[in-house]
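For the sequence shown, the numbering used here begins at 74 and goes up steadily by one.
Glycine included, C-beta positions come from ideal geometry on N, C-alpha and C.
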Amino acid sequence: MIKLQPVAFESMGVRSMCCLVETPDLSVLFDAGVSLGQRFSLAPHPLEYMALADARKRIRELAKKADIVTVSHYHFDHFTPPFRSDTVWTWSSKEEAEAIYGGKRILAKDARENINYSQRKRGWIFRNLVGPIAKSIEEADGKTFKIGGTELKFSPPLSHGEEGSELGYVLTVTFKNEGETVTIAPDVQGPISDDALYYLERCESDILVLGGPPTYLAQSKLQEAAFERGFRNMSKLVAITQLTIVDHHLLRDAEWRQKASEVFLVAKTSSKKVQTAAEYLGLNDNLLEALRKNLYEREPPSEEFMAWTRLPLEKRRRTMPPL
């Protein structure tokens with residue numbers, strides 16, 4: 074039996090793909106990170122900061138019961154950096170990282186191979202600062218771990234979007250227990266990469282948690298073509314998967330359902346199900362970032378909050394926003 078609990082996602086108001094996965098043998102906190110992002114030349118709305126606070130609280134609480142914590146790659150919405158205190162984007166700190174990673178077995182992306190410069194640097198610092206407080210840190214790229222009746226299979230490094238992307242590589246993880254298979258595939262963006270598609274097809278998952286194309290970034294015909302390939306590949310996976318949870322980058326676009334209409338059509342004709350992480354939990358979607366401009370118009374922030382947004386960035390990073 075595999076129990077999947079989405080913890081923080083775009084459909085829940087923040088940037089993340091954090092999940093808790095439990096089997097009779099172990100509890101795994103997948104990608105214990107969360108962040109907000111720059112959009113529309115506006116600071117995150119107070120409601121986004123409230124969602125960030127809630128997500129941080131959930132991650133910290135669920136980390137207490139986790140035996141293993143994963144790091145699929147070193148982007149700030151996928152791990153909690155122990156080397157910076159930040160009250161603008163991540164609400165991370167040394168203390169927050171210690172609460173999540175302290176005493177845990179960490180299965181993480183190799184920080185030396187198949188990685189870009191910025192993530193190599195973050196990964197090196199992460200290992201040096203978290204290593205002394207963690208139970209262990211192990212490179213997971215392409216490895217399979219068996220714990221009791223549960224198997225955790227990590228993919229080889231797969232492209233973060235298109236092949237050769239400057240954003241580097243990510244790891245997916247497949248959980249198997251008692252005939253059930255659940256795969257979490259962060260930041261494959263559809264997948265856009267055919268190599269990622271072929272890998273995920275072979276996983277034969279009952280449930281697939283999938284990061285969709287970042288359509289909100291489309292600025293050229295070339296990008297649009299890549300995103301269309303992402304949707305085509307997503308449709309192929311939806312057709313062979315009982316339940317696909319589609320979220321993350323795609324839900325930073327308020328019009329994501331229209332753009333993914335072919336995916337929903339394939340699900341219907343194949344008698345399969347597509348949901349967001351929020352819907353899987355029985356909640357309504359809460360696309361705060363995608364609707365940031367509307368939030369500023371509908372619920373204008375206080376003068377005190379707006380004054381905080383005008384502070385120099387480094388000062389904001391040391392000062393909690395007044396909510």
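Should residue i and residue j be called a contact, given that it needs their Cβ atoms to be closer than 9 angstroms?
{"i": "Cys92", "j": "Val80", "result": "yes"}
{"i": "Asp268", "j": "Met90", "result": "no"}
{"i": "Leu368", "j": "His151", "result": "no"}
{"i": "Leu109", "j": "Tyr122", "result": "yes"}
{"i": "Val243", "j": "Pro230", "result": "yes"}
{"i": "Ile179", "j": "Arg133", "result": "no"}
{"i": "Leu323", "j": "Gly285", "result": "yes"}
{"i": "Ala299", "j": "Ile265", "result": "yes"}
{"i": "Asn201", "j": "Gly241", "result": "no"}
{"i": "Leu99", "j": "Asp159", "result": "no"}
{"i": "Ala363", "j": "Asp326", "result": "yes"}
{"i": "Glu171", "j": "Pro154", "result": "no"}
{"i": "Glu277", "j": "Thr254", "result": "yes"}
{"i": "Tyr147", "j": "Ser191", "result": "yes"}
{"i": "Leu225", "j": "Phe248", "result": "yes"}
{"i": "Ile280", "j": "Ile220", "result": "no"}
{"i": "Thr96", "j": "Gly222", "result": "yes"}
With residue i and residue j assumed to form a contact (beta carbons below 8 angstroms), what rounded beta-carbon distance in angstroms separates them?
{"i": "Ala258", "j": "Ala213", "result": "Not a contact, Cβ separation roughly 14 angstroms."}
{"i": "Arg112", "j": "Arg365", "result": "5 angstroms"}
{"i": "Ser228", "j": "Gly215", "result": "7 angstroms"}
{"i": "Lys177", "j": "Val142", "result": "5 angstroms"}
{"i": "Val101", "j": "Ile75", "result": "Not quite, the Cβ-Cβ distance comes to about 10 angstroms (not below 8 angstroms), so this is no contact."}
{"i": "Trp164", "j": "Leu125", "result": "6 angstroms"}
Which of the three DSSP states, helix, strand or coil, is assigned to residue i?
{"i": "Ile257", "result": "strand"}
{"i": "Ile313", "result": "coil"}
{"i": "Lys345", "result": "coil"}
{"i": "Ser232", "result": "strand"}
{"i": "Ala172", "result": "helix"}
{"i": "Pro79", "result": "strand"}
{"i": "Thr163", "result": "coil"}
{"i": "Asn359", "result": "coil"}
{"i": "Thr247", "result": "strand"}
{"i": "Tyr271", "result": "helix"}
{"i": "Met379", "result": "helix"}
{"i": "Gly38", "result": "With the chain covering only 74 through 396, there is no way to say anything about residue 38."}
Using the C-alpha atoms, what's the distance from residue j back to residue i?
{"i": "Arg389", "j": "Arg185", "result": "32 angstroms"}
{"i": "Arg305", "j": "Ile313", "result": "13 angstroms"}
{"i": "Leu283", "j": "Thr256", "result": "8 angstroms"}
{"i": "Asp260", "j": "Phe378", "result": "32 angstroms"}
{"i": "Thr382", "j": "Pro373", "result": "13 angstroms"}
{"i": "Phe103", "j": "Leu77", "result": "10 angstroms"}
{"i": "Glu274", "j": "Val311", "result": "10 angstroms"}
{"i": "Glu352", "j": "Asn250", "result": "24 angstroms"}
{"i": "Val161", "j": "Pro394", "result": "8 angstroms"}
{"i": "Asn359", "j": "Glu83", "result": "8 angstroms"}
{"i": "Phe218", "j": "Leu361", "result": "37 angstroms"}
{"i": "Trp197", "j": "Ala380", "result": "37 angstroms"}
{"i": "Glu239", "j": "Leu386", "result": "26 angstroms"}
{"i": "Asp127", "j": "Leu384", "result": "24 angstroms"}
{"i": "Leu354", "j": "Val339", "result": "23 angstroms"}
{"i": "Glu211", "j": "Tyr271", "result": "26 angstroms"}
{"i": "Lys138", "j": "Gly175", "result": "12 angstroms"}
{"i": "Ser343", "j": "Glu169", "result": "43 angstroms"}
{"i": "Arg131", "j": "Ser145", "result": "19 angstroms"}
Is there at least one Cβ from chain B nearer than 9 angstroms to residue i's Cβ?
{"i": "Arg200", "result": "Looking for chain B here will not work: only one protein chain is present."}
Go ahead and label residue i buried or exposed: buried means 16 or more other beta carbons lie within 10 angstroms of its beta carbon, across all protein chains shown.
{"i": "Met307", "result": "buried"}
{"i": "Met85", "result": "buried"}
{"i": "Arg195", "result": "buried"}
{"i": "Glu376", "result": "exposed"}
{"i": "Gly204", "result": "exposed"}
{"i": "Arg129", "result": "buried"}
{"i": "Gln331", "result": "exposed"}
{"i": "Arg371", "result": "exposed"}
{"i": "Gly303", "result": "buried"}
{"i": "Gly237", "result": "exposed"}
Please indicate yes or no: does the CB of residue i lie closer than 8 angstroms to some heavy atom of the ligand NAP?
{"i": "Ala351", "result": "The ligand NAP is not part of the structure shown, which contains no ligands of any sort."}
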